[in-house]
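Student: For reference, the structure I am asking about is given below.
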Amino acid sequence: MSLLALISLLLLADPAHARSLAAPTTSNAEMTRLYNEDQSDREPDEIDWDKVTARDEQRRLATRALLTAGALHTAEDYEHAAFIFQHGSKADDYLLAHTLAMVAVGKGDKSSLWIASATLDRYLMMIGKPQVYGTQFRGSMGQEPYDRNLVSDALRSELGVPALARQAEQLEALRAARAAAVKP
């Protein structure tokens with residue numbers, strides 16, 4: 439066997455190298471469609487949450503099938519899948535969403551740092567722990583439970599998360615908008 443053939447064989451025997459050779463560079467069209475539908479469901483002023491929740495479940499099932507089939511390859515695919523699972527209903531949905539977002543970051547999509555932060559906050563709150571970044575707002579209840587001291591504003595900035603002062607402004611604006619909507 440020639441040296442060139444041996445080196446080629448060794449390179450192809452490395453699973454990570456083999457995957458990088460075979461991985462498509464375009465995003466999965468089905469994953470993009472599911473993501474676009476997910477986002478469209480959240481655009482109207484009046485949202486029928488019963489219908490959206492049922493469609494969210496169907497999108498999670500379809501996304502899980504794509505994951506199982508190994509059909510997701512790009513950072514965008516994984517970011518889109520993270521958003522689908524962020525709209526889940528169980529702690530495991532949010533933990534999977536966080537993992538998917540981290541894969542997107544690992545594939546070079548720095549903008550996915552925000553969804554990685556948001557999904558971790560959502561997961562923590564679902565298991566009865568305080569969020570640490572402040573990405574989750576719960577109506578008039580605010581952001582609680584929230585450990586504002588664990589993560590600095592400098593670290594929040596690195597993750598694309600607003601500083602504490604900006605979060606307070608966002609919360610006040612949210613409360614004002616809700617109060618205005620309730621007035622007769």
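Everything in the sequence shown is counted per this note's numbering, starting at 439 for the first residue and increasing by one.
Note that the Cβ used here is the ideal one computed from N, Cα and C, for glycine as well.
Everything numeric in this text was worked out from a predicted model, so none of it was measured.
Under 8 Å by Cβ, that's how I've got E475 and R498 pegged, so tell me the actual separation to the nearest angstrom.
Tutor: Not quite, the Cβ-Cβ distance comes to about 12 Å (not below 8 Å), so this is no contact.
Student: Using 7 Å as the cut-off, classify the Cβ of E514 as near or not near the heavy atoms of the ligand GTP, replying yes or no.
Tutor: In terms of ligand content, the structure shown is empty, and the ligand GTP therefore cannot be addressed.
Student: Measuring only the C-alpha atoms, how far is D515 from R480?
Tutor: C-alpha separation (whole angstroms): 20 Å.
Student: Report all residues from its chain with a CB closer than 8 Å to the CB of G572; omit the five preceding and five following residues, and keep chain order.
Tutor: Hits under 8 Å: D559, Q581, Y584, R586, R594, V599, P600, L602, Q605.
Student: Return the CA-CA distance between M563 and F521, expressed in angstroms with no decimal places.
Tutor: Going by the C-alpha atoms only, they are around 17 Å apart.
Student: Who are the Cβ neighbours of A535 in its own chain at under 6 Å, not counting the five residues just before and after it?
Tutor: Counting only Cβ-Cβ distances below 6 Å, and skipping sequence neighbours, we find A520, F523, Q524, T557.
Student: Does A520 come within less than 8 Å of chain B when only Cβ atoms are used?
Tutor: The structure shown contains no chain B; it is built from a single protein chain.
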